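Novice:
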Amino acid sequence: MSDTPATPLSRDQIEADLCTILTDMTTDWDLEYDEPINGETRLMADLAFESIDVVQLVVAIEGHFKKRQMHFEHLLMVDGRYVQELQVKQISEFLEKALAA
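Numbering (the numbering used here), first residue to last: 2 to 102.
(1) Between the alpha carbons of residue 29 and residue 73, how many angstroms are there, rounded?
(2) At the level of alpha carbons, what is the spacing between residue 64 and residue 23?
(3) Mapping the DSSP letters down to three states, classify residue 88 as helix, strand or coil.
(4) Indicate whether residue 9 and residue 101 have their beta-carbon atoms separated by less than 7 Å.
(5) Taking the alpha carbon of residue 56 as the reference point, which residue from 12, 77, 34 has its own alpha carbon closest?
(6) In whole angstroms, what is the alpha-carbon distance linking residue 94 and residue 19?
Structure follows, in structure tokens:
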């Protein structure tokens with residue numbers, strides 16, 4: 002039995018789900034950012050994410066999409082270094098490929 006859905010999710014649906022996850026995560030945070038979360042939203046600059054928040058987001062994504070071992074290191078690291086910023090659309094693009102694999 003596979004954990005992947007029978008019909009692949011569109012990037013738009015993945016991004017909408019991701020925005021919901023991020024909104025749920027940050028609802029009680031005291032953020033200066035008061036725009037709706039969308040593809041252009043930056044995790045660090047706009048949502049004040051710290052490294053532990055990224056870990057919690059990965060866990061929430063795996064739980065939501067019911068898939069583990071999506072190799073987030075390919076998203077979070079470039080040339081052996083952690084990225085300094087991520088936009089929601091970058092995560093959505095990564096998830097589209099990871100969920101289809």
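For each residue, glycine too, the CB sits at the ideal point set by N, CA and C. Predicted model only: the values in this text are computed from it and were never measured.
Specialist: According to the data block:
(1) 26 Å
(2) 13 Å
(3) strand
(4) yes
(5) 77
(6) 11 Å
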